[in-house]
DNA sequence: ATAGTCTATCGTCGATTGACGATAGCACGC
DNA sequence: GCGTGCTATCGTCAATCGACGATAGACTAT
């Protein structure tokens with residue numbers, strides 16, 4: 007289980023292997039790390055990750071409330087993080103829940119660790 | 007000592023404490039991590055870090071030879087990494103030696119680890 | 001001194017990013 | 001069905017990024 011409140015849960019995380027099909031070195035790994043690093047290369051997006059990590063927010067509207075940015079801007083940051091594989095969401099209903107994709111985060115940490 | 011070939015050595019690294027004056031959380035930490043992450047948010051810059059990490063290159067011209075980019079472009083990438091605190095250089099002479107600033111790299115890893 | 005080599009900087013260009021407001025799409029309650 | 005609230009997307013604009021060639025600066029060797 008990822009969440010304590012099932013109503014805002016994201017679907018179960020993919021098998022751990024999925025995010026590690028690319029090796030930790032070589033051009034592919036370089037590009038993957040670059041994409042992940044670029045995704046967290048903005049203070050607002052790091053703030054979002056911290057909020058979700060500490061479970062201080064779960065749904066989009068809460069994240070919007072915590073940041074001094076317009077709703078559309080926050081939505082864009084969420085999209086970037088999701089595209090990078092650092093977030094997952096449950097698209098059901100008007101309240102969209104977000105949670106960290108720990109596979110992607112692990113992948114990021116692993117790629118950085120070996121530099 | 008950082009290097010095996012003193013002729014291309016960078017000046018001694020600053021005391022470890024220097025890069026850790028900012029805490030690991032809060033807005034300052036978010037901005038610092040964002041700057042570091044943005045600096046490695048490009049495949050060429052990750053490639054450069056790997057080259058230097060493996061000591062496959064030490065001076066600017068070697069790095070230029072290893073990358074499919076113009077010399078000016080490589081120089082710009084080196085500047086970005088240096089500004090972010092991930093590289094140091096010895097500015098003496100026409101052959102400029104580069105090496106990884108392990109304080110900055112440690113800082114990056116520490117900031118990412120606690121997300 | 002002078003020529004040659006190496007690196008940093010400048011200027012420019014197209015592509016991308018980040019911000020916003022406006023708007024469309026979607027589930028729920030009435 | 002119909003409005004209401006929430007989220008995603010679109011369009012726009014200024015700012016930044018990334019690439020290059022050209023040029024300037026610095027040191028070496030001749």
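Chains as they are written, first to last, in this note's numbering: chain A, 7 to 121; chain B, 7 to 121. The beta-carbon is built from N, C-alpha and C at its ideal position, and this holds for glycine as well.
With 16 other Cβ atoms within 10 Å as the buried cut-off, status of residue i
i              : result
residue 110(B) : buried
residue 77(A)  : exposed
residue 63(B)  : buried
residue 29(A)  : exposed
residue 103(A) : buried
residue 85(B)  : exposed
residue 46(A)  : buried
residue 69(A)  : buried
For residue j and residue i, the rounded distance between their alpha carbons
i              : j              : result
residue 113(B) : residue 80(B)  : 24 Å
residue 89(B)  : residue 51(A)  : 22 Å
residue 42(B)  : residue 118(A) : 12 Å
residue 83(B)  : residue 82(A)  : 27 Å
residue 108(A) : residue 92(A)  : 7 Å
residue 105(A) : residue 95(A)  : 6 Å
residue 33(B)  : residue 65(B)  : 36 Å
residue 31(A)  : residue 115(B) : 17 Å
residue 60(B)  : residue 37(B)  : 29 Å
residue 121(B) : residue 121(A) : 19 Å
Segment limits, beta strand (DSSP E) that includes residue i
i              : result
residue 118(A) : It is not in any beta strand (DSSP E) - residue 118(A) instead sits in the alpha helix (DSSP H) that spans 108–119.
residue 94(B)  : 93–96
Given residue i as reference, the closest of the options once Cα atoms are compared
i              : options                    : result
residue 39(B)  : 49(A), 82(A), 61(A)        : 49(A)
residue 72(B)  : 96(B), 82(B), 57(B), 86(B) : 57(B)
residue 87(A)  : 31(A), 34(A), 44(A), 74(A) : 44(A)
residue 74(A)  : 85(A), 37(A), 54(A), 47(A) : 54(A)
residue 101(A) : 120(A), 121(A), 67(A)      : 67(A)
Endpoints, alpha helix (DSSP H) assigned at residue i
i             : result
residue 41(A) : 33–45
residue 49(B) : 49–59
residue 70(B) : 66–72
residue 81(B) : 77–89
Residues of the segment 45–56 of chain B whose Cβ lies closer than 9 Å to any Cβ of chain A, in chain order: So the list reads 45, 46, 47, 48, 49, 50, 51, 52, 53, 55, 56, given in the order they occur along the chain.
Proximal residues, the segment 82–96 of chain A versus chain B, C-beta separation under 8 Å: Result list empty, no residue passes.
Selection of the segment 60–74 of chain A by Cβ proximity to chain B, strictly under 9 Å: Going along the segment 60–74 of chain A in chain order, one finds no residue with a Cβ nearer than 9 Å to chain B.
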